[in-house]
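Here is the structure we will look at, set down as structure tokens.
Number of protein chains: 2
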Amino acid sequence: MIENVAIVGTGLIGASFGLALRAAGFTGAICGVSSPPAVAAAVEAGAVDRAASLAEAVASADLVFLAQPIGRIIDTLRHLDPLLKPGALVTDAGSTKCEIADAALQCIRRGTFVGGHPMAGKESRGAAAADAALFRGRTWVLTPADAADLNTPLAHRFIHWLHAIGARPISMDAAEHDRVVALTSHLAQLASTALAATVAENVPAERLDVAGSGLADMSRLALSSYELWRDIVATNTGAIEKALTTYIQKLDHIRENLRTRQLQEEFERGAKLAATVRGSSTRGNLG
Amino acid sequence: MIENVAIVGTGLIGASFGLALRAAGFTGAICGVSSPPAVAAAVEAGAVDRAASLAEAVASADLVFLAQPIGRIIDTLRHLDPLLKPGALVTDAGSTKCEIADAALQCIRRGTFVGGHPMAGKESRGAAAADAALFRGRTWVLTPADAADLNTPLAHRFIHWLHAIGARPISMDAAEHDRVVALTSHLAQLASTALAATVAENVPAERLDVAGSGLADMSRLALSSYELWRDIVATNTGAIEKALTTYIQKLDHIRENLRTRQLQEEFERGAKLAATVRGSSTRGNLG
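So the protein lines, in turn, are chains A and B. Counted from 1, the first sequence has number 189 at position 183 by this note's numbering; the numbering is strictly sequential. Counted from 1, the second sequence has number 207 at position 201 by this note's numbering; the numbering is strictly sequential.
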């Protein structure tokens, strides 16, 4: 059973998880651990019942949800074990999984760590923007070190609640997760940043009105703050380097084939992928 | 005075121009030249008064507006001159300007050609999707071979009507136009196509649900049809090759600096450009 939940980091994701649990009928206690203003905002939003120190929140928690930035999650894992209720399930919401999994493997003994990554977010940050429906219809990746870690009563309850809040949990290796998101997420961010920076350096400011809506679309991600991405890039450098290399090779191929049928093939391949990614999907997920 | 307008090519752009003229109070005649079903749709939409052959429409037209695909515009220019009313103003809506300007320079004698590129469009095509407000607030680039070509009474009337339909006309060299759109539009398209094709080839289909909204954004342009882009790429190959080279260099630089402060600088540069491009703008335009 999950009676007590500790949400460590009560920003958009942590606070939305609290709200979503409540909306789905969770009646246990939810403690929030964060800076005083952040946790006050989460209490105000109804996302957590009360603020607590890490030690206090974790002492009785059956489920510990680390929803901090990646670097902070790794820090927390290094201090967490002695504070845990024996047998607790510890999970997280970090956007990269291998380095977090390594830290958990070294540090977590008294409980079980199952990495997680909800594929959800929005442009606004903080508990004030929290939304009980944030995870609805969205994939929630779980990266257990051992598949058996998902076959405990506590993990079953956690997965039950993920379904209850509308998420679609799936399971994969941390390394596979990091390789896939390097291509589907991190590469998209860097392609946008690089495009915007290229235009900034090569188009005079007074000519920027000679642009269609395509550039506006393609530069939305470039608005993202470096603060958010620094940890992601630092903890998934190898996979991102490979993804960039593959993308550069594709661009090179296109440049060399602007007047051949190869370009048509790339358009067709790209359009098919775009239709899949942008269409509604009902792929199988974790039962 | 502009009393008779011929719109050659009555798809989205041509038909929207007809509707916009009418909505702005134009009371002259508007003839449409296109395939029978396309021109019937334009008549039905109220964008043109009637269908006519090219020869018939152009014989009395003070303004000839070529709103066909680029390759068709170049074909039309090669046959147009003997049919023109002497002194007519011929303009177009092609997305690249140098090759069209070259064709006009070789072929148009009895009238004056001023190249044009309205920075407007939408995903739906054809006269059925036409919209009198399509050009409102959008830049409309004019690329006269000689600046004096914009200083004739007829050109003044044309520019008057561009303002009247809500467009923001600006003037520049055809070569500068093509260099700028290679970066602001054509590169954005190819960056999206290349990203989508890269993901298609490197992420198994069953893992595509491990993607955030960023990839959906970044692959919208990849839905564009090759048919539309073949002419653009074929008529702006040099500038597009250069733009791709510059973009690849930027991606290389980012790949080599994933863990240095340089990455932060690229994020800051990109975010600034994105805010400019995505923000509302009130830059000066042609009086």
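Beta carbons: idealized from backbone N, C-alpha and C, even for Gly. Remember, it's a predicted structure, so these values are computed and weren't measured experimentally.
Exercise for review: Could you tell me whether the Cβ of B:K256 comes closer than 9 Å to any Cβ of chain A?
Suggested key: Against the second sequence, residue 256 of chain B aligns to sequence position 250. Cβ-Cβ to chain A under 9 Å: yes for B:K256.
**Study point:** Contacting residues, own chain, Cβ-Cβ under 8 Å from B:V49 (five flanking each side not counted)
**Key:** For the purposes of this step, residue 49 of chain B is identified with residue 43 of the second sequence, where counting begins at 1. Around B:V49: G38, D55, R56 and A57.
**Study point:** Residues, ordered as in the chain, of the stretch 263-278 of chain B that lie near chain A by beta-carbon distance below 9 Å
**Key:** L264, R265, L269, Q270, E271, E272, F273, E274, R275, G276, A277 and K278
Review point. Is the CB of B:N291 under 9 Å away from at least one CB in chain A?
Key: Start at 1 with the first residue of the second sequence, and residue 291 of chain B comes out as number 285. Note on B:N291: pLDDT 44, under 50, position unreliable in the model; the coordinate value appears next. Yes, its Cβ sits closer than 9 Å to a Cβ of chain A.
Check your understanding: Just by C-beta distance, which residues in the stretch 185-200 of chain B are closer than 8 Å to chain A?
Key -> V186, V187, L189, T190, S191, L193, A194, Q195, L196, A197, S198, T199 and A200
Point to revise | A:D5 versus B:R213 - alpha carbon distance | key: Given a span of 7 to 293 for chain A in the structure shown, any question on residue 5 of chain A remains unanswerable.
Review point. Which residues, taken in chain order from the stretch 206-220 of chain A, show a beta carbon closer than 9 Å to some beta carbon of chain B?
Key: A206, E207, N208, V209, P210, A211, E212, R213, L214, D215, V216, A217, G218, S219 and G220
Exercise for review: Determine the contact status of A:V70 and A:A94, defining contact as a CB-CB distance below 9 Å.
Suggested key: Numbered from 1 along the first sequence, position 64 holds the residue referred to as residue 70 of chain A. Numbered from 1 along the first sequence, position 88 holds the residue referred to as residue 94 of chain A. For A:V70 and A:A94, yes; Cβs fall inside 9 Å.
Review point. With a Cβ-Cβ cutoff of 9 Å, do A:I176 and A:W146 count as a contact?
Key: Numbered from 1 along the first sequence, position 170 holds the residue referred to as residue 176 of chain A. Numbered from 1 along the first sequence, position 140 holds the residue referred to as residue 146 of chain A. Going by C-beta atoms, A:I176 is nearer than 9 Å to A:W146.
Review point. Is it right to say A:N10 is buried, meaning 16 or more other beta carbons lie within 10 angstroms of its own, or is it exposed?
Key: By 1-based counting over the first sequence, the position of residue 10 of chain A is 4. With 16 or more other Cβ atoms within 10 Å, it is buried.
Point to revise | Length of the line joining the Cα atoms of A:E272 and A:L111 | key: The count along the first sequence starts at 1 and reaches residue 272 of chain A at position 266. The count along the first sequence starts at 1 and reaches residue 111 of chain A at position 105. Rounded to whole angstroms, A:E272 to A:L111 spans 42 Å at the Cα level.
Point to revise | Unbroken stretches of the alpha helix (DSSP H), 4 residues or longer, contained in the stretch 96-176 of chain A | key: 104-113 and 159-170
Exercise for review: Using the DSSP secondary-structure output, state which residues sit across from A:N10 in a beta bridge.
Suggested key: For the purposes of this step, residue 10 of chain A is taken as residue 4 along the first sequence, with counting starting at 1. A:N10 pairs with A:A35.
**Study point:** Reference B:E247, options B:Q268, B:A188 and B:H259, closest by Cα
**Key:** Within the second sequence, residue 247 of chain B is the residue found at index 241, counting from 1. The shortest C-alpha separation from B:E247 is found at B:A188.
Check your understanding: I think A:I254 touches B:L250, with their Cβ atoms under 8 Å apart; what is that distance to the nearest whole Å?
Key -> As a working mapping, residue 254 of chain A is identified with position 248 in the first sequence. As a working mapping, residue 250 of chain B is identified with position 244 in the second sequence. With 8 Å as the limit, A:I254 and B:L250 do not qualify as a contact, their Cβ atoms being about 10 Å apart.
Point to revise | Cβ-based contacts, 7 Å cut-off: residues of the stretch 144-157 of chain A near chain B | key: T145 and V147
Point to revise | Identity of the residues DSSP links to A:R56 by a beta bridge | key: Along the first sequence, read from residue 1 onward, the residue named residue 56 of chain A stands at position 50. Note: A:R56 sits in a beta bridge opposite A:C37.
Practice item. Please list the partners that A:V11 has in chain B, where partner means a Cβ-to-Cβ separation under 9 Å. Key: Sequence index remark: in the first sequence, residue 11 of chain A carries index 5 (1-based). The contacting residues do not exist; A:V11 stays about 25 Å from chain B at best.
Check your understanding: Who are the Cβ neighbours of A:A206 in its own chain at under 8 Å, not counting the five residues just before and after it?
Key -> Within the first sequence, numbered from 1, the residue matching residue 206 of chain A stands at position 200. Once the five neighbours on either side are set aside, A:A206 has no close Cβ partner at all.
Review point. From the beta carbon of B:I105, is the nearest beta carbon of chain A less than 9 Å away?
Key: In the second sequence, residue 105 of chain B corresponds to position 99, counting from 1. First, the residue type needs correcting, since residue 105 of chain B is Glu and not Ile in the sequence shown. Output row for B:E105: interface = no.
Practice item. Could you list which residues in chain A have their beta carbon closer than 8 Å to that of B:H183, in chain order? Key: Mapped onto the second sequence, residue 183 of chain B falls at position 177. Simply V216.
Point to revise | Residues that DSSP places opposite B:F71 in a beta bridge | key: Along the second sequence, one-based indexing puts residue 71 of chain B at 65. Bridge partners of B:F71: B:I13 and B:T97.
Practice item. Quick one: using the 10 Å Cβ neighbour count with 16 as the cut-off for buried, is B:T82 buried or exposed? Key: Counting from 1 along the second sequence, the entry for residue 82 of chain B is found at position 76. Its Cβ being crowded by 16 or more others within 10 Å, B:T82 is buried.
Review point. Chain B beta carbons: is any one of them nearer than 9 Å to that of A:M125?
Key: Position 119 of the first sequence holds residue 125 of chain A. Taking Cβ atoms only, chain B reaches closer than 9 Å to A:M125, which makes this a yes.
Check your understanding: Would the beta-carbon of B:A302 fall within 9 Å of that of B:I36?
Key -> This structure gives no information on residue 302 of chain B, because the portion of chain B shown stretches from 7 to 293.
Review point. Under three-state DSSP, which class holds B:G293?
Key: Reading the second sequence from its first residue, position 287 is the one you call residue 293 of chain B. Here the model assigns B:G293 a pLDDT of 40, short of 50, so the residue's position is not dependable and the matter cannot be decided.
Practice item. Mind checking which residues open and close the alpha helix (DSSP H) that includes A:N208? Key: The count along the first sequence starts at 1 and reaches residue 208 of chain A at position 202. Segment L193 to N208, the alpha helix (DSSP H) holding A:N208.
Exercise for review: Could you tell me the distance, in whole angstroms, from the CA atom of B:A99 to the CA atom of A:V239?
Suggested key: The residue you call residue 99 of chain B lines up with position 93 of the second sequence. The residue you call residue 239 of chain A lines up with position 233 of the first sequence. Straight-line Cα distance between these residues: approximately 43 Å.
Check your understanding: Closest to A:L89 by CA distance: which of A:A73, A:E62, A:D152 and A:D258 is it?
Key -> To locate residue 89 of chain A, count along the first sequence from 1; it is residue 83. Comparing Cα-Cα distances from A:L89 to each of A:A73, A:E62, A:D152 and A:D258, the minimum goes to A:E62.
Check your understanding: Along chain A, which residues have their Cβ under 9 Å away from the Cβ of B:M7?
Key -> Counting from one through the second sequence, the residue named residue 7 of chain B turns up at place 1. Result: empty, since nearest Cβ-Cβ is about 30 Å, beyond 9 Å.
Check your understanding: Which class does A:S287 belong to by DSSP, given the choice of helix, strand or coil?
Key -> As a working mapping, residue 287 of chain A is identified with position 281 in the first sequence. Only weak support exists for where A:S287 lies, its pLDDT of 43 falling under 50; the value from the coordinates is given anyway. A:S287: coil per DSSP, three-state reduction.
Exercise for review: Would you mind stating whether A:C113 and A:R142 have Cβ atoms separated by less than 9 Å?
Suggested key: Residue numbering aside, residue 113 of chain A sits at position 107 when the first sequence is read from its first letter. Residue numbering aside, residue 142 of chain A sits at position 136 when the first sequence is read from its first letter. Cβ distance not < 9 Å, so A:C113 and A:R142 don't count as in contact.
**Study point:** Separation of A:A73 from A:C115, as counted between CA atoms
**Key:** Numbered from 1 along the first sequence, position 109 holds the residue referred to as residue 115 of chain A. Numbered from 1 along the first sequence, position 67 holds the residue referred to as residue 73 of chain A. First, the residue type needs correcting, since residue 115 of chain A is Arg and not Cys in the sequence shown. Going from the Cα of A:R115 to the Cα of A:A73 covers about 20 Å.
Practice item. Can you give me the start and stop residues for the alpha helix (DSSP H) that A:G244 sits inside? Key: Position 238 of the first sequence, counted from the first residue, corresponds to residue 244 of chain A. Residues T243 to E262.
Practice item. Check the C-beta distance from B:A133 over to B:T16 and give it rounded, since I have them as a contact under 8 Å. Key: For the purposes of this step, residue 133 of chain B is taken as residue 127 along the second sequence, with counting starting at 1. For the purposes of this step, residue 16 of chain B is taken as residue 10 along the second sequence, with counting starting at 1. Sure, about 5 Å apart at Cβ, within 8 Å.
Practice item. Compare the C-beta of B:S230 with all C-beta atoms of chain A and state if any pair is closer than 9 Å. Key: Taking the second sequence and counting its residues from 1, one reaches residue 230 of chain B at position 224. Output row for B:S230: interface = yes.
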